[in-house]
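*Asks:* These protein sequences, in sequence, are chains A and B.
The first sequence begins at 112 in my numbering and counts up one residue at a time.
The second sequence begins at 458 in my numbering and counts up one residue at a time.
First, the structure itself, so that you have it in front of you.
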Amino acid sequence: MATGIKDRVAILGMGCSKFGERYDAEASDLMVEAYREAITDAGIDPSQLQAAWLSVAFEAMNIGPSAIPLSMALRLPTIPVTKVENYCASGTEAFRGAVYAVASGACDIALALGVEKLKDTGYGGLPVRSRGLAYDMMANSGTAPGFFAQIASAYRAKHGVQRDDLKRAIAHVSVKSHANGAKNPKAHLRKVIDEATVLNAPMIAEPLGLYDCCGVSDGAACAIVTTPEIAKSMGKHDIVSVKALQLAVSNGWELQGSGWDGSYFHTTRVAAKRAYDEAGISKPREELSMFDVHDCFSITELVTMEDLFVSPEGGAMKDVMDGFYDADGQVPCQIDGGLKCFGHPIGASGLRMIYEMYLQLQGRAGERQLKNPRLGLTHNLGGMPNQNVSAVAIVGRYGD
Amino acid sequence: MEAPMLIPPYPVPSNLSQPFWDGTRRGKFLLQKCGACGAYRWTPQWLCTKCHSLDFAWVEASGDAKVYSFSVVHRPPLPGFKAPYVVATVELAEGPMMLTNIVDCDPKDVKIDMKVKVTFDKVSDEISLYKFRPA
């Protein structure tokens, strides 16, 4: 009988490149930047790495196929290296591979690294894909903002919310992330903004304006994992361990007249329930210290707070406006700036979220440091509201 | 000098979806209906979502639907799309929901629960896109 991943794997070291328009760097530069920080943090020799996972969402853009680009860039010791892609949740997928490898006993130390290099394609959003069944069926409809904006309409219809009230609440989501991102030296966007700026910005897809949408960044993030016993034997203290790792993938249920009402993410609710079960969490609103969610759009973050059972259903707007998720609130969300401001190098984002939780749990988050956090959750979503992959990871202090 | 004509990416039918696109080209709106449990499904898939049966037939659907949710896109993904336009999730009379565009009306007039009817937009000899207009 499976018992789950809780406390079987520890994070030995992590690293993250500066995110942004990295015209100064190639993908390999970004990989090395994140890796050097991680391996220095871990305090191991590269020869001790026994397996590695690479996550990239758009491999054709500046990186190339297979796992060879990672093995070459890091000069890995001819070990098994696996390349994974799972939409915007790819980074958490690489982490999952490394964590399970250690948990299974197949190796003592494994590495996960995510990278994306898209800014020099000359294109602002994500490259448009038009092959494969899902794309064939939706190619006439257009954009990611257009798909995610429909959550806002469905949420309004379900909860009887006025357009301007919802618009103000999602504006606060972005204002909060900008305030946090301004304190993060590695963030892509480091500018404090006010509510009026958000409300008056150009419309992208009603009701989402410019500041309701995250951009795309260049960047890389890296994790090195081992068992808690090995970490202790190396003299590590303040050990951060993995409490839960869950992934839920749509099977088409959402669109089959099944009762899904378009106002929430079915997969996130499924993954969150499993993750809380795995981590032994019964009251997430009280037990979680902080979280970093997939705020590809401000409305995504708002409904995700409900899908993770932190805000009650229909209650996220009130929590947001009350400052519950602000840096000085009860459960800070996107303390590093989130996708909105830290940035969104697709294949690296899941690992970037875990990186912030890890820094916070070790008391190394600098100006952003929260008081005594014990348990952090990351949520990494890929795809569209009706058809997506949702990853939930929970990390915390080992021994708690 | 004349600017090159820009067109949005068109669907590339697969073995599975070819009958659907053959249908739209002939002005027919076809859906897969499970031969075992009778459930309709969308998008095209080999297995029934409800009972996993492989037995299905392409049958002509009513084309009736209502708007479930929608947004108005002001910034299209590529040149060639004429913004603003409506992207919507519609609930088909047969049950499944579908991502599509609402056309033949002012974006300001689109409402949730509005009744809509399928319509076809011939964009090439092979492809007619499915869209919905006010019923």
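Glycine included, C-beta positions come from ideal geometry on N, C-alpha and C.
May I ask you to report which of helix, strand or coil DSSP gives residue 473 (chain A)?
*Replies:* In the first sequence, counting from the first residue as 1, residue 473 (chain A) sits at position 362. Reduced to three states, the DSSP call for residue 473 (chain A) is coil.
*Asks:* Sort out for me which residues DSSP pairs residue 488 (chain A) with in a bridge.
*Replies:* Counting from 1 along the first sequence, the entry for residue 488 (chain A) is found at position 377. DSSP lists A:402, A:505 as partners of residue 488 (chain A).
*Asks:* When DSSP labels each residue in this structure, what does residue 126 (chain A) get in the three-state scheme?
*Replies:* Here residue 126 (chain A) refers to the residue found at position 15 when the first sequence is read from its first residue. Three-state result, residue 126 (chain A): strand.
*Asks:* Please report the straight-line C-alpha distance between residue 458 (chain B) and residue 476 (chain B), rounded to a whole angstrom.
*Replies:* If you number the second sequence from 1, residue 458 (chain B) lands on position 1. If you number the second sequence from 1, residue 476 (chain B) lands on position 19. Here the model assigns residue 458 (chain B) a pLDDT of 44, short of 50, so the residue's position is not dependable and the matter cannot be decided.
*Asks:* Hey, could you find the ends of the beta strand (DSSP E) residue 411 (chain A) is sitting in?
*Replies:* Here residue 411 (chain A) refers to the residue found at position 300 when the first sequence is read from its first residue. Run containing residue 411 (chain A): none in the beta strand (DSSP E); it sits in the alpha helix (DSSP H), 409–418.
*Asks:* In the structure shown, what three-state DSSP assignment does residue 426 (chain A) receive?
*Replies:* Along the first sequence, one-based indexing puts residue 426 (chain A) at 315. Coil.
*Asks:* Alpha carbon to alpha carbon, what distance is there between residue 335 (chain A) and residue 209 (chain A)?
*Replies:* In the first sequence, the residue the question calls residue 209 (chain A) occupies position 98. In the first sequence, the residue the question calls residue 335 (chain A) occupies position 224. The alpha-carbon atoms of residue 209 (chain A) and residue 335 (chain A) are separated by roughly 8 angstroms.
*Asks:* Give me the subset of the segment 505–532 of chain B whose CB atoms are less than 8 angstroms from a CB atom of chain A, sorted by chain position.
*Replies:* From the segment 505–532 of chain B, only 506, 507, 525, 526, 527, 528, 529, 530, 531, 532 have a Cβ closer than 8 angstroms to chain A.
*Asks:* In the DSSP output, which residue or residues are listed as bridge partners for residue 221 (chain A)?
*Replies:* For the purposes of this step, residue 221 (chain A) is taken as residue 110 along the first sequence, with counting starting at 1. DSSP lists A:162, A:336 as partners of residue 221 (chain A).
*Asks:* Under 8 angstroms Cβ to Cβ from residue 574 (chain B), same chain only, skipping five residues before and after it: list those, please.
*Replies:* Within the second sequence, numbered from 1, the residue matching residue 574 (chain B) stands at position 117. Counting only Cβ-Cβ distances below 8 angstroms, and skipping sequence neighbours, we find 520, 521, 522, 589, 590, 591, 592.
*Asks:* Please classify residue 531 (chain B): is it buried, with 16 or more other beta-carbons within 10 angstroms of its beta-carbon, or exposed?
*Replies:* The residue labelled residue 531 (chain B) in the question sits at position 74 within the second sequence. That one is buried.
*Asks:* Is there at least one Cβ from chain B nearer than 9 angstroms to residue 464 (chain A)'s Cβ?
*Replies:* Stepping through the first sequence from its first residue, residue 464 (chain A) is reached at position 353. So, not an interface residue.
*Asks:* Just to confirm, is the Cβ distance from residue 197 (chain A) to residue 376 (chain A) under 9 angstroms?
*Replies:* Here residue 197 (chain A) refers to the residue found at position 86 when the first sequence is read from its first residue. Here residue 376 (chain A) refers to the residue found at position 265 when the first sequence is read from its first residue. Against a cut-off of 9 angstroms, the Cβ pair of residue 376 (chain A) and residue 197 (chain A) comes out as no contact.
*Asks:* Output needed in chain order: residues of the segment 194–217 of chain A with a Cβ under 7 angstroms from some Cβ in chain B.
*Replies:* So the list is empty, because no residue satisfies the distance condition.
*Asks:* Tell me which residue opens and which closes the beta strand (DSSP E) that residue 521 (chain B) is part of.
*Replies:* Here residue 521 (chain B) refers to the residue found at position 64 when the second sequence is read from its first residue. Per DSSP, residue 521 (chain B) belongs to the beta strand (DSSP E) from 521–530.
*Asks:* When DSSP labels each residue in this structure, what does residue 147 (chain A) get in the three-state scheme?
*Replies:* By 1-based counting over the first sequence, the position of residue 147 (chain A) is 36. Note: residue 147 (chain A) maps to helix in three-state DSSP.
*Asks:* Hey, quick one: how far does the beta strand (DSSP E) through residue 491 (chain B) stretch, first residue to last?
*Replies:* Along the second sequence, read from residue 1 onward, the residue named residue 491 (chain B) stands at position 34. That run of the beta strand (DSSP E) goes 487–491.
*Asks:* Go through its chain and collect everything with a Cβ distance to residue 269 (chain A)'s Cβ below 7 angstroms, but skip five positions before and after it.
*Replies:* Walking along the first sequence from the start, residue 269 (chain A) turns up at place 158. Within the same chain, residue 269 (chain A) has close Cβ partners 372, 374.
*Asks:* What separation, rounded to the nearest whole angstrom, lies between the Cα atoms of residue 388 (chain A) and residue 206 (chain A)?
*Replies:* Numbered from 1 along the first sequence, position 277 holds the residue referred to as residue 388 (chain A). Numbered from 1 along the first sequence, position 95 holds the residue referred to as residue 206 (chain A). Taking the straight line from one Cα to the other gives about 20 angstroms.
*Asks:* So what's residue 227 (chain A) in DSSP terms, helix, strand or just coil?
*Replies:* For the purposes of this step, residue 227 (chain A) is taken as the residue at position 116 of the first sequence. Strand, per DSSP.
*Asks:* Helix, strand or coil: which one does DSSP assign to residue 381 (chain A)?
*Replies:* Looking up residue 381 (chain A) in the first sequence gives position 270. Correct three-state label for residue 381 (chain A): helix.
*Asks:* Are the C-beta of residue 382 (chain A) and some C-beta of chain B separated by less than 9 angstroms?
*Replies:* Taking the first sequence and counting its residues from 1, one reaches residue 382 (chain A) at position 271. False, the Cβ-Cβ gap to chain B never drops below 9 angstroms.
*Asks:* Give the residues of chain A in contact with residue 576 (chain B), contact being defined as C-beta atoms less than 7 angstroms apart.
*Replies:* Within the second sequence, numbered from 1, the residue matching residue 576 (chain B) stands at position 119. Correct list: empty, because the minimum Cβ distance to chain A is about 12 angstroms.
*Asks:* Could you spell out the range, first to last residue, of the alpha helix (DSSP H) harbouring residue 478 (chain B)?
*Replies:* Position 21 of the second sequence holds residue 478 (chain B). 475–482 is the extent of the alpha helix (DSSP H) around residue 478 (chain B).
*Asks:* Flag residue 544 (chain B) as yes if its beta-carbon sits less than 9 angstroms from any beta-carbon of chain A, otherwise no.
*Replies:* The residue labelled residue 544 (chain B) in the question sits at position 87 within the second sequence. Yes - at least one Cβ of chain A is within 9 angstroms of the one on residue 544 (chain B).
*Asks:* Would you call the segment 492–512 of chain B and the segment 545–560 of chain B touching, i.e. three or more CB-CB distances under 8 angstroms?
*Replies:* Touching, yes.
*Asks:* At which residues does the alpha helix (DSSP H) containing residue 281 (chain A) begin and terminate?
*Replies:* Translated into the one-based positions of the first sequence, residue 281 (chain A) becomes position 170. 274–292 is the extent of the alpha helix (DSSP H) around residue 281 (chain A).
*Asks:* Using a Cβ cut-off of 9 angstroms (strictly closer), state whether residue 569 (chain B) contacts chain A.
*Replies:* Position 112 of the second sequence, counted from the first residue, corresponds to residue 569 (chain B). Yes, contact with chain A.
*Asks:* Just verifying my parser: in three-state terms, what is the DSSP assignment at residue 264 (chain A)?
*Replies:* By one-based count along the first sequence, residue 264 (chain A) stands at place 153. Helix, per DSSP.
*Asks:* From residue 81 (chain A) to residue 385 (chain A), what distance separates their C-alpha atoms?
*Replies:* In the structure as shown, chain A begins at 112 and stops at 511. Residue 81 (chain A) is therefore absent and cannot be evaluated.
*Asks:* Is the beta carbon of residue 351 (chain A) closer than 9 angstroms to that of residue 472 (chain A)?
*Replies:* Working through the first sequence from its first residue, we reach residue 472 (chain A) at position 361. Working through the first sequence from its first residue, we reach residue 351 (chain A) at position 240. Cβ atoms of residue 472 (chain A) and residue 351 (chain A): closer than 9 angstroms.
*Asks:* Can you confirm whether the segment 482–499 of chain A touches the segment 407–421 of chain A when touching is taken to mean that 3 or more C-beta pairs between the two stretches lie within less than 8 angstroms?
*Replies:* Contact between the segment 407–421 of chain A and the segment 482–499 of chain A is present, because at least three Cβ pairs lie under 8 angstroms.
*Asks:* Considering only DSSP beta bridges, list what residue 559 (chain B) is partnered with.
*Replies:* The count along the second sequence starts at 1 and reaches residue 559 (chain B) at position 102. Partner(s): B:543, B:589.
*Asks:* Does residue 583 (chain B) get closer than 9 angstroms to chain A when you measure Cβ to Cβ?
*Replies:* In the second sequence, counting from the first residue as 1, residue 583 (chain B) sits at position 126. Residue 583 (chain B) does not count as touching chain A.
*Asks:* How would you write the range of the beta strand (DSSP E) that residue 513 (chain B) sits in, first residue to last?
*Replies:* Your numbering for residue 513 (chain B) matches position 56 in the second sequence. Counting along the chain, the beta strand (DSSP E) containing residue 513 (chain B) begins and ends at 513–517.
*Asks:* Would you report the Cα separation of residue 261 (chain A) and residue 428 (chain A), rounded to the nearest angstrom?
*Replies:* Stepping through the first sequence from its first residue, residue 261 (chain A) is reached at position 150. Stepping through the first sequence from its first residue, residue 428 (chain A) is reached at position 317. Computed Cα separation, rounded: 17 angstroms.
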